[in-house]
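Peer 1:
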Amino acid sequence: MITTATQTCNNATLSAYVPSTDNPWDEQKINHLYRRVGFGATRAMINDALGKTPTQVINSIINQAKNAIPTSPPDWAEWTSDQFGSGTNITVGKAVNEWKNKIIEDFYINNGGLNDRLTLFWSNHLVASYEGYSGPPLFYKYYNLLQRKAIGNFKELVYDVGQTGAMLQYLNGYQNRKNRPNENYARELLELFTLGENNGYTQDDIVEISRALTGWNDRSDRYGDISFNATKFDNGTKTFFGRTGEWGYDDVINILFEERELKIARHVCGKIYKYFVGPVVNETIVNQLANTFKNNNFDIAPVLNRLFKSEHFFDKSVFSVMIKSPVDLEVGLRREMNLKFPSGYPLYTKTRQSIITQAQNIFSHSSVSGWDGDQTWINPSTFVARWDEVGRRLLKAKQHDETQYKIFLNEILGSVSNDVEAVTQSVLAFFFSNQSIDSVTSHGALVAFKDNIPQNYFDDGSWNTDWDEVSRQMYMLMLYIIKIPEFQLK
10 MITTATQTCN NATLSAYVPS TDNPWDEQKI NHLYRRVGFG ATRAMINDAL
60 GKTPTQVINS IINQAKNAIP TSPPDWAEWT SDQFGSGTNI TVGKAVNEWK
110 NKIIEDFYIN NGGLNDRLTL FWSNHLVASY EGYSGPPLFY KYYNLLQRKA
160 IGNFKELVYD VGQTGAMLQY LNGYQNRKNR PNENYARELL ELFTLGENNG
210 YTQDDIVEIS RALTGWNDRS DRYGDISFNA TKFDNGTKTF FGRTGEWGYD
260 DVINILFEER ELKIARHVCG KIYKYFVGPV VNETIVNQLA NTFKNNNFDI
310 APVLNRLFKS EHFFDKSVFS VMIKSPVDLE VGLRREMNLK FPSGYPLYTK
360 TRQSIITQAQ NIFSHSSVSG WDGDQTWINP STFVARWDEV GRRLLKAKQH
410 DETQYKIFLN EILGSVSNDV EAVTQSVLAF FFSNQSIDSV TSHGALVAFK
460 DNIPQNYFDD GSWNTDWDEV SRQMYMLMLY IIKIPEFQLK
């Protein structure tokens with residue numbers, strides 16, 4: 010059974026974490042950092058981080074995110090609806106699946122991963138599920154916006170996303186026009202995207218804001234951008250948040266962020282806390298982050314900079330308190346082990362299909378509220394799927410090159426060892442940041458790692474981690490580890 014910490018014991022503050030003899034900067038903290046801000050760390054990333062201070066590492070992670078180059082557009086980025094499948098051999102379904110594969114590739118290969126981690130976060134906050142709008146080009150443009158603005162300014166991100174064709178279709182802004190207002194986007198803008206449910210707005214505010222958002226109704230193609238048409242805009246007087254005027258789209262965003270800035274900051278920082286720290290929110294910490302957010306005009310980087318460098322973030326009580334999402338599980342293990350696969354193996358397609366089996370279909374949410382995450386990822390069906398899918402990836406890597414398991418083990422150890430119990434414990438320590446692995450589980454790991462090698466080789470010290478058999482031993486240990494319930498935590 011998986012149990013996650015309640016975090017009530019974390020009294021650490023947002024003061025900067027300073028390594029000490031009693032609280033060192035070590036592999037455990039580095040793995041915690043990269044499993045939260047990215048999708049795990051390669052051995053090279055861990056070694057690099059060990060030679061730097063936490064501040065230097067986090068500055069580098071944030072700067073990489075700021076300087077991240079958006080994914081190049083696909084050939085069909087500006088296609089009209091009649092171009093798909095008409096002699097191009099690219100159907101709508103093929104384009105969508107290939108783009109989701111490309112997104113998964115981004116998660117796998119980008120060093121550091123904060124920009125990708127944030128892109129996934131914003132896709133679950135500013136939800137525009139593909140099934141709710143028409144056209145791969147709109148899908149690409151929505152993803153491109155989240156990439157470009159992932160660690161930029163939140164107010165600008167909210168402003169821009171509301172004008173994307175994906176969002177205008179998904180939440181019915183395209184149907185919102187003078188004399189026929191549609192309240193859907195206005196409601197979700199307040200309830201989900203900025204303020205939170207029943208937090209500082211009324212139904213009258215929703216009605217009036219929906220009127221101010223009218224006019225975005227024109228397009229030349231159903232896969233094309235949607236533009237503003239002044240003749241379909243309600244130019245009458247509107248009143249919301251206590252302010253009256255002939256408000257339009259720009260006014261909605263400006264007034265919202267002026268009149269409800271602290272509520273917005275708290276709501277968004279609460280979501281950030283749950284995503285990067287843990288499921289039980291520390292209101293004191295969130296309020297302090299909210300003030301940082303507000304005082305920096307809703308720039309995202311200062312909030313993350315303060316959080317990631319803090320004692321609170323590196324307090325052991327928040328290690329391994331969240332259940333890995335399917336993306337975390339699949340991408341994280343492959344990145345951390347640096348698994349290689351045969352040429353031609355469709356890794357990204359297999360990963361996309363795998364995470365769907367585990368109930369996470371990226372950019373295709375079942376509702377506008379997004380995935381709840383954490384414990385909702387786990388049920389009897391998805392638990393078995395996790396074992397099966399990750400096991401398939403481990404087997405395929407073994408079939409391609411078994412020696413990579415031995416290489417990974419000796420990278421963890423740093424040198425050849427003949428102490429089989431110490432070796433097993435080192436591997437467990439790498440994958441389990443803060444869990445207390447019981448003696449039964451530890452013994453099971455030892456038995457799995459010994460595989461079928463006669464005991465006398467361990468007893469007389471002749472066995473060591475340079476043996477060829479170690480590749481298979483490590484593979485067998487990994488098959489055991491992925492079924493340990495605590496392996497599902499990060």
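Numbers given in the working numbering equal positions in the sequence shown, counted from 1, plus 9.
Quick reminder that beta carbons are idealized off the backbone N, C-alpha and C, glycines included.
Nothing here was measured: the structure is a model prediction, and the numbers come from that model.
1) Quick one: using the 10 Å Cβ neighbour count with 16 as the cut-off for buried, is Gly-47 buried or exposed?
2) What three-state label does DSSP hand Asp-260 in the structure shown?
3) Got a sec? Which residues, its chain only, sit under 6 angstroms from Leu-166 by beta carbon, not counting five neighbours each side?
4) If we count Cβ pairs, one from each stretch, closer than 8 angstroms, do we get three or more for the stretch 246-257 versus the stretch 214-221?
5) Assign Trp-225 to one of three DSSP states: helix, strand, or coil.
6) Quick check on Asp-337: buried or exposed, where buried means 16 or more other Cβ atoms within 10 Å of its Cβ?
7) Considering only the alpha carbon of each residue, which of Thr-360, Asp-381 and Gln-367 lies closest to Arg-402?
8) Counting only the same chain and skipping the five closest in sequence on each side, list residues whose C-beta sits under 7 angstroms from that of Lys-405.
9) Unbroken alpha helix (DSSP H) runs of length 4 or more, entirely within the stretch 303-331: which are they?
10) I need the straight-line Cα distance from Thr-15 to Glu-320, nearest angstrom please.
11) Can you list the alpha helix (DSSP H) stretches of 4 or more residues lying completely in the stretch 171-253, in chain order?
12) Since His-276 and Thr-203 are thought to touch, with beta carbons under 8 angstroms apart, how far apart are those beta carbons, to the nearest angstrom?
13) Please report the distance separating the alpha-carbon of Ile-335 from that of Trp-386.
14) For Asn-427, name the three-state secondary structure that DSSP assigns.
15) If you reduce the DSSP assignment to three classes, tell me which class Asn-68 lands in.
16) Leaving aside the five residues before and after Ser-480 along the sequence, list all residues of the same chain whose C-beta is less than 7 angstroms from its C-beta, in chain order.
17) Starting from the C-beta of Tyr-149, find all residues in its chain whose C-beta is less than 7 angstroms away, skip the five residues before and the five after it, and write them out in chain order.
18) Pro-79 and Gln-156: beta carbons closer than 7 angstroms?
19) In terms of DSSP beta bridges, what is Ala-25 paired with?
20) Where does Asn-76 sit, in a helix, a strand or coil, going by DSSP?
21) Does the stretch 288-296 come close enough to the stretch 196-211 that 3 or more CB-CB pairs lie under 8 angstroms?
22) Since Cys-278 is in the alpha helix (DSSP H), which residue starts that stretch and which ends it?
23) Kindly indicate which three-state DSSP category Leu-404 falls into: helix, strand or coil?
24) Just the C-alpha distance for Met-10 and Pro-494, rounded to the nearest angstrom, thanks.
25) May I have the straight-line CA-CA distance separating Leu-356 from Ile-113, to the nearest angstrom?
26) Find the nearest neighbour of Trp-580 within the set Leu-59, Gly-49 and Thr-22, judged by alpha-carbon distance.
27) Mapping the DSSP letters down to three states, classify Leu-498 as helix, strand or coil.
28) DSSP puts Asn-162 in a beta bridge; with which residues?
29) Roughly how many angstroms separate the alpha carbons of Asn-162 and Phe-130, rounded to a whole number?
30) Is Cys-18 buried or exposed, if buried means 16 or more other CB atoms sit within 10 Å of its CB?
31) At a cut-off of 6 angstroms, would you count Glu-107 as near the ligand SAH, judging by its Cβ distance to the nearest heavy atom?
32) Helix, strand or coil for His-134, going by three-state DSSP, please let me know.
33) Specify the secondary structure class of His-374 as computed by DSSP and reduced to three states.
34) Give every residue of the same chain whose Cβ lies closer than 6 angstroms to the Cβ of Phe-307, excluding the five residues on either side of it in the sequence, and list them in chain order.
35) Hey, out of Leu-123, Ser-24, Asp-91 and Lys-103, whose CA is closest to Asn-68's CA?
36) Could you spell out the range, first to last residue, of the alpha helix (DSSP H) harbouring Gly-453?
Peer 2: Looking at the atomic coordinates:
1) Its Cβ being crowded by 16 or more others within 10 Å, Gly-47 is buried.
2) The answer is helix: DSSP assigns Asp-260 an H, G or I state.
3) Contacts found: Lys-158.
4) Yes, the stretch 246-257 touches the stretch 214-221.
5) Judged by DSSP in its simplified three-state form, Trp-225 adopts strand.
6) Its Cβ being crowded by 16 or more others within 10 Å, Asp-337 is buried.
7) Taking only the C-alpha atoms, the option nearest Arg-402 is Thr-360.
8) Counting only Cβ-Cβ distances below 7 angstroms, and skipping sequence neighbours, we find Phe-350 and Tyr-354.
9) As for any alpha helix (DSSP H) of minimum length 4 sitting wholly inside the stretch 303-331, the runs are 309-317, ordered along the chain.
10) Confidence in Thr-15 is poor, its pLDDT being 48 and thus under 50, which makes the residue's placement too unreliable to answer from.
11) The stretch 171-253 contains these whole alpha helix (DSSP H) runs: 174-179, 193-197 and 212-221.
12) Taking a contact as a CB-CB distance under 8 angstroms, the pair His-276 and Thr-203 counts as one, their CB atoms being some 7 angstroms apart.
13) Ile is not the amino acid found at residue 335; the sequence shown has Pro there. If I take the Cα positions, the gap works out to 8 angstroms.
14) Three-state DSSP puts Asn-427 in coil, outside helix and strand.
15) The answer is helix: DSSP assigns Asn-68 an H, G or I state.
16) If you ignore the 5 residues before and after Ser-480, its C-beta comes within less than 7 angstroms of the C-beta of Glu-411, Thr-412, Tyr-414 and Lys-415, all in its own chain and listed in chain order.
17) Result list for Tyr-149: Pro-82, Pro-83, Ala-86 and Trp-108, in chain order.
18) Yes, the Cβ-Cβ distance between Pro-79 and Gln-156 is below 7 angstroms.
19) According to DSSP, Ala-25 bridges with Ser-319.
20) Looking at Asn-76 - three-state DSSP - the assignment turns out to be coil, as it is neither helix nor strand.
21) No, they do not touch.
22) Residue range 270-285 is occupied by the alpha helix (DSSP H) that includes Cys-278.
23) Here Leu-404 sits in helix by DSSP.
24) Caution applies to Met-10, whose pLDDT of 49 falls short of 50 and renders its modelled position unreliable; the model cannot decide the point.
25) Taking the straight line from one Cα to the other gives about 9 angstroms.
26) Outside the displayed span of the chain (10 to 499) sits residue 580, for which this structure offers no information.
27) Strand.
28) As computed with DSSP, Asn-162 is found in a beta bridge with Asp-308.
29) So the alpha carbons of these two residues sit roughly 15 angstroms apart.
30) Exposed: under 16 other Cβ atoms inside 10 Å.
31) Annotation note on the ligand SAH: not contained in the displayed structure, which lists no ligands.
32) Coil.
33) In this structure, DSSP gives His-374 a state outside helix and strand, which the three-state scheme calls coil.
34) Only residues of its own chain outside the window of five on either side were considered, and among them Asn-162, Phe-163 and Lys-164 have a CB closer than 6 angstroms to the CB of Phe-307, listed in chain order.
35) Checked all of Leu-123, Ser-24, Asp-91 and Lys-103; the closest Cα to Asn-68 is Leu-123.
36) Residues 448-459.
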